[in-house]
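First up is the structure itself, then whatever we jot down about it.
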C-alpha cells in the first residue's frame with residue numbers, strides 16, 4: 379500500500395510528509411555547502427496546542443558588503459514546519475469563509491476545532507545572481523468537536539494550499555524557464571490546467587501594489603483546493619484535476635517534492651558568479667521590496683502576527699538578513715541595464731514555458 | 379499683527395508655516411555637517427490637486443558596515459511637506475469619522491472637498507549612539523463645495539495632528555530627559571495636560587504589537603485637535619487647553635518650532651561617540667524594528683500607500699537606508715547589556731520628566 383492510498387487520517391499523513399520534506403530540504407542545503415555552519419534546528423511547543431520545528435541558517439560574517447572571497451552559499455534561510463490545532467472562534471470562521479467556500483457557517487458560539495499542518499521555507503542566497511526562493515505547503519481541517527480523544531473527529535471542511543516562487547535580483551531567463559518548467563511538469567501529472575491557473579494566481583498574489591510590480595518572477599500559488607468546485611479551476615468534469623483527498627494530497631506532494639530539483643540547480647549555477655558592490659547594492663534594494671511585500675501584503679505574515687500566541691521569530695524568518703531603501707534610486711530605472719531588465723518582467727509578468 | 383491672530387485662512391497660514399519650518403530644519407542639518415552633501419530638494423505636483431517638496435539626505439558610502447573614520451553625521455533623512463486638496467468620497471469620510479468626531483456625515487454622494495497641509499520628517503543618523511528622530515505636523519480641513527474660486531469655502535470640520543518621537547538604539551537617559559523636557563516645555567505654555575495626555579498617546583501609538591515593545595522612547599502624539607471636546611483631554615473648562623483655531627495653531631507651531639532644540643543637541647553630543655561593528659549590528663536590528671512598525675502599523679504609511687496617486691517614494695523615505703533581521707538574535711536578550719537596557723524601556727515605557 380502506498381502512502382497516497384493510506385488509511386491513516388490525512389492530518390497524520392501531512393504531518394509525516396512535512397516532517398520528511400523539511401529534513402530532506404535542510405540536509406540537501408547542508409550537503410551543498412559542507413563548509414558552512416549547519417542549520418540551527420529549533421523545536422517549539424504552542425501552548426494553545428501543537429508544535430513546530432524551525433530550521434534556520436544564518437552565517438553573520440561581520441562584513442555586510444558580502445564581498446569576501448570565502449562565503450557561505452546561503453546568507454539567510456528558514457525551513458519551518460508547524461502542526462497546530464485548537465478552536466477557531468466564530469469571528470475567525472466568518473473571516474475565513476471569504477476565501478474558503480466549504481467552511482461551515484459560524485453558527486456555534488463555542489467555535490469549531492481546527493487542525494493545520496504546513497511547511498514554509500524562504501532561502502536568501504548570498505550571491506546577487508542567485509535568486510531568493512520561497513515555498514509553502516499546508517493542510518487545513520475543520521472538525522466536529524469530540525470529547526473522546528480515541529475517536530477521529532468528523533471532518534466538516536478541509537483544503538490544501540501552497541506554492542513556490544522565485545525572486546531574482548538579476549534575471550536569467552534560463553533560470554526562470556527551468557523553475558517554471560519543473561513546477562509545470564509536477565502539476566501536469568495531476569491536471570491539465572493546474573499550472574496555468576495557479577501560475578496566474580501567483581502573479582496576482584505576489585503583487586507589491588504600491589510599486590505596481592510583482593515580488594519576483596512567480597511560480598505557483600493555490601489555496602482552498604479540495605473536492606469541491608474551485609474558483610480558479612474549470613467546473614468542466616472532462617478537464618482532469620485532483621478531486622479526492624488522496625488525489626489532492628498526491629498533487630501537493632508532487633509539487634513539494636519538486637522543490638529541490640526546481641531550485642538547487644539554479645543555486646548551483648549562480649552561487650559562484652562574480653559580483654561587485656553594485657550588484658550587492660541592487661540585491662539589497664530588491665530585498666527591501668521583499669520586506670515591503672511580506673510585511674504589508676502577505677496574508678500568512680499578517681494573519682500570523684495578529685494571532686495571539688504566534689511565534690514572531692518563526693513568522694519573520696522570511697525576512698532577509700539585510701535590506702536597503704534608497705530614495706528615488708536610479709537603479710532599475712535606466713533602460714538597457716540588467717536592473718531595468720528585471721524590473722520590466724516584474725511590471726509585466728511573462729509566460730516562461 | 380502677529381501671525382497667530384492673522385486674518386488669513388488657516389490653510390494658507392499652515393502652508394506658509396510648514397514651508398518655513400522645512401527650510402529651517404533642512405538648513406540647520408546642512409550647517410551642522412558642512413562637508414556632507416546637501417539635502418536633495420525635490421518638488422512634485424499631485425495631478426489630483428496640490429503639490430509638495432521632499433528634501434532628502436543620502437550619502438551612500440559603499441561601505442555598509444559604516445565604520446569608516448570620515449562619515450556624514452546623517453545616514454538617511456527626509457523632511458517632506460505636502461499641501462494637497464481634492465474630494466473625499468463618502469467611503470473615506472465614513473472611515474475617517476472613527477477618529478475624527480467632527481467629521482460631517484457621509485451623506486453627499488459626490489463627497490466633500492478636503493485640504494491637508496503637513497510636514498513629516500525622519501532623521502536616521504549614522505552613529506548607533508545617536509537616536510533616530512521623527513516628527514510630523516498636519517492640518518486637515520473639510521469644506522462645503524464651492525464653484526467660485528474667489529470665495530473661501532465654508533469649513534465644515536478641521537483639526538490638527540502631529541507629534542515627535544525619539545528612537546535610540548542605545549539608551550542615554552539624559553537624552554531622553556532632554557527630549558521630553560523640551561517637548562513638555564513647549565506643551566506647557568498652551569495647556570496643563572497636553573504633555574501628559576499626548577506622551578501617553580505616543581507610547582500607545584508607537585507600539586510594535588507583535589513584539590510587545592514600543593518603537594522608541596516616545597515623545598508626543600496627538601490627532602483630531604480642534605475646538606471640540608477631545609477624547610484624550612479633560613472636558614473640565616477650568617483646565618487650560620488650546621481651543622480656538624488660533625490657539626491650536628499656536629500650540630502646533632510651538633511644538634513644531636521646538637524640534638531643532640529638542641533633537642539637535644542630542645545629535646551633536648552623540649554623533650562622534652566611538653562605535654564598533656557590534657553597535658552597528660544592533661542599530662541595524664533596531665532599524666529592522668522601525669521598518670516593521672512603519673510598514674505594519676503606521677497609519678500614515680498604510681493610508682498613504684493605499685491612496686491612489688500617492689507618491690510612494692515620499693511615503694517610504696521614512697525607512698532607514700539599511701535594516702537587519704536575525705533569527706532569535708541574542709542581542710537585547712542578555713541581562714545587564716546596553717542592548718537589554720534599551721529593550722527594557724521599550725517594554726515598559728517610562729516617565730522622563
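Chains as they are written, first to last, in the working numbering: chain A, 379 to 731; chain B, 379 to 731.
Glycine residues also receive a C-beta, built at the ideal position from the N, C-alpha and C atoms.
Predicted model, so just to flag it, every value in this text is computed and none were measured.
Using a cut-off of 8 Å between C-beta atoms, extract the partners of residue 698 of chain A located in chain B.
-> Translated into positions along the first chain, residue 698 of chain A becomes position 320. Going along chain B in sequence order, the residues near residue 698 of chain A (Cβ under 8 Å) are 703.
At least three beta-carbon pairs within less than 8 Å, the segment 562-579 of chain A to the segment 644-659 of chain A = no
What are the residues of the segment 449-471 of chain B that lie near chain A, defined by any Cβ-Cβ distance shorter than 8 Å?
-> 454, 456
How is the beta strand (DSSP E) around residue 702 of chain A delimited, first residue to last?
-> The residue given as residue 702 of chain A occupies position 324 in the first chain. Residue 702 of chain A -> beta strand (DSSP E) spans 700-702.
Proximal residues, the segment 578-591 of chain B versus chain A, C-beta separation under 7 Å | Per Cβ criterion, the list reads 588, 589.
Evaluate residue 423 of chain B with the Cβ neighbour count: other Cβ atoms within 10 Å of its Cβ, from every protein chain shown; 16 or more gives buried, anything less gives exposed.
-> As a position in the second chain, residue 423 of chain B is number 45, starting the count at 1. The residue is exposed, with fewer than 16 neighbouring Cβ atoms inside 10 Å.
Under the DSSP definition of a beta bridge, which residues are partnered with residue 420 of chain A?
-> Working through the first chain from its first residue, we reach residue 420 of chain A at position 42. Its beta-bridge partners are A:432.
So which residues of chain A does residue 434 of chain B contact, with C-beta pairs closer than 8 Å?
-> As a position in the second chain, residue 434 of chain B is number 56, starting the count at 1. Ordered by position in chain A, the residues that pass the 8 Å Cβ test against residue 434 of chain B are 705, 706.
Kindly list, in the order they appear in chain B, the residues whose Cβ is closer than 7 Å to that of residue 691 of chain A.
-> Here residue 691 of chain A is taken as the residue at index 313 of the first chain, counted from 1. Within chain B, the residues near residue 691 of chain A are 705, 706.
List, in order along the chain, the chain B residues whose C-beta lies closer than 7 Å to that of residue 694 of chain A?
-> For this step, residue 694 of chain A is matched to residue 316 along the first chain. The answer, in chain order, is 703.
If residue 500 of chain A and residue 455 of chain A are in contact, beta carbons under 8 Å, what's the gap, nearest whole angstrom?
-> Counting from one through the first chain, the residue named residue 500 of chain A turns up at place 122. Counting from one through the first chain, the residue named residue 455 of chain A turns up at place 77. Confirmed, Cβ separation roughly 7 Å.
Looking at residue 627 of chain B and residue 388 of chain B, is the spacing between their C-beta atoms short of 8 Å?
-> As a position in the second chain, residue 388 of chain B is number 10, starting the count at 1. As a position in the second chain, residue 627 of chain B is number 249, starting the count at 1. Using a Cβ distance threshold of 8 Å, residue 388 of chain B and residue 627 of chain B count as a contacting pair.
Burial state of residue 465 of chain A (16 or more Cβ within 10 Å) = For the purposes of this step, residue 465 of chain A is identified with residue 87 of the first chain, where counting begins at 1. Residue 465 of chain A should be labelled exposed.
By a C-beta neighbour count over all protein chains shown, 10 Å radius and 16 as the cutoff for buried, is residue 483 of chain B buried or exposed?
-> For the purposes of this step, residue 483 of chain B is taken as the residue at position 105 of the second chain. So residue 483 of chain B ends up on the exposed side.
For residue 522 of chain B, name the three-state secondary structure that DSSP assigns.
-> Reading the second chain from its first residue, position 144 is the one you call residue 522 of chain B. Note: residue 522 of chain B maps to coil in three-state DSSP.
Tell me, which residues are paired with residue 510 of chain B by DSSP?
-> Within the second chain, numbered from 1, the residue matching residue 510 of chain B stands at position 132. Per DSSP, B:545.
Does the beta-carbon distance from residue 705 of chain A to residue 691 of chain B come in below 8 Å?
-> As a working mapping, residue 705 of chain A is identified with position 327 in the first chain. As a working mapping, residue 691 of chain B is identified with position 313 in the second chain. The answer is yes: Cβ separation under 8 Å.
Residues of chain B with CB under 7 Å from residue 497 of chain A, in chain order?
-> Position 119 of the first chain holds residue 497 of chain A. The premise fails here: residue 497 of chain A is roughly 17 Å from chain B at the closest Cβ pair, so nothing lies under 7 Å.
Around the C-beta of residue 524 of chain A, are 16 or more other C-beta atoms found within 10 angstroms, so that it is buried, or is it exposed?
-> Residue numbering aside, residue 524 of chain A sits at position 146 when the first chain is read from its first letter. Burial call: exposed.
The segment 507-514 of chain A in contact with the segment 485-493 of chain A per 3-pair CB rule at 8 Å | Pairwise C-beta distances place the segment 507-514 of chain A out of contact with the segment 485-493 of chain A, as fewer than three of them are shorter than 8 Å.
Contact set for residue 569 of chain B: own chain, Cβ-Cβ below 8 Å, skip 5 residues either direction | On the second chain, residue 569 of chain B is found 191 positions in, with the first residue counted as 1. These residues qualify, in order along the chain: 611, 617, 618, 619, 620, 629.
Please state if the CB of residue 587 of chain A and the CB of residue 675 of chain A are separated by a distance shorter than 8 Å.
-> Looking up residue 675 of chain A in the first chain gives position 297. Looking up residue 587 of chain A in the first chain gives position 209. Yes.
What residues in the segment 666-681 of chain A have a beta carbon less than 7 Å from any beta carbon of chain B?
-> 669, 670, 673, 674
Contact with chain B by residue 490 of chain A, beta-carbon distance below 8 Å = Working through the first chain from its first residue, we reach residue 490 of chain A at position 112. Not one chain B Cβ lies under 8 Å of residue 490 of chain A.
Interface residues of chain B around residue 683 of chain A at Cβ under 8 Å?
-> On the first chain, residue 683 of chain A is found 305 positions in, with the first residue counted as 1. Simply 587, 588, 674.
Grab me the residues of residue 337 of chain A's own chain with a C-beta within less than 6 Å of its C-beta, minus the 5 sequence neighbours each way, in chain order.
-> The displayed coordinates of chain A run from 379 to 731. Any statement about residue 337 of chain A would go beyond what the structure contains.
Cut-off 6 Å between Cβ atoms - residues of its own chain near residue 565 of chain A, not counting five sequence neighbours on either side = Numbered from 1 along the first chain, position 187 holds the residue referred to as residue 565 of chain A. The residues are 572, 573.
Hey, residue 503 of chain A and residue 645 of chain A are a contact pair by Cβ (cut 8 Å); roughly how many whole angstroms apart?
-> In the first chain, residue 503 of chain A corresponds to position 125, counting from 1. In the first chain, residue 645 of chain A corresponds to position 267, counting from 1. Residue 503 of chain A to residue 645 of chain A, Cβ: 6 Å. Contact.
How big is the Cα-Cα spacing for residue 554 of chain A and residue 696 of chain A?
-> Taking the first chain and counting its residues from 1, one reaches residue 554 of chain A at position 176. Taking the first chain and counting its residues from 1, one reaches residue 696 of chain A at position 318. Roughly 21 Å separates the two Cα atoms.
So what's residue 721 of chain B in DSSP terms, helix, strand or just coil?
-> By one-based count along the second chain, residue 721 of chain B stands at place 343. If DSSP states are grouped into helix, strand and coil, residue 721 of chain B belongs with the helices.
Expressed to the nearest angstrom, what Euclidean distance is found between the alpha-carbon atoms of residue 669 of chain A and residue 384 of chain A?
-> As a position in the first chain, residue 669 of chain A is number 291, starting the count at 1. As a position in the first chain, residue 384 of chain A is number 6, starting the count at 1. Roughly 40 Å separates the two Cα atoms.
Roughly how many angstroms lie between the CA atoms of residue 694 of chain B and residue 613 of chain A, to the nearest whole one?
-> Within the second chain, the letter at position 316 stands for residue 694 of chain B. Within the first chain, the letter at position 235 stands for residue 613 of chain A. Using only the alpha carbons, I get a separation of about 44 Å.
Note down, in chain order, each residue of its chain lying with its Cβ closer than 8 Å to the Cβ of residue 467 of chain A, except the 5 sequence neighbours on either side.
-> As a position in the first chain, residue 467 of chain A is number 89, starting the count at 1. 489.
Following the continuous beta strand (DSSP E) through residue 458 of chain B, name the residue where it begins and the one where it ends.
-> Within the second chain, the letter at position 80 stands for residue 458 of chain B. Run containing residue 458 of chain B: 452-466, per the beta strand (DSSP E) assignment.
Can you name, in chain order, every residue of its own chain whose Cβ lies under 6 Å from the Cβ of residue 520 of chain B, other than the five neighbours on each side?
-> Your numbering for residue 520 of chain B matches position 142 in the second chain. Correct list, in chain order: 490, 492, 534, 535.
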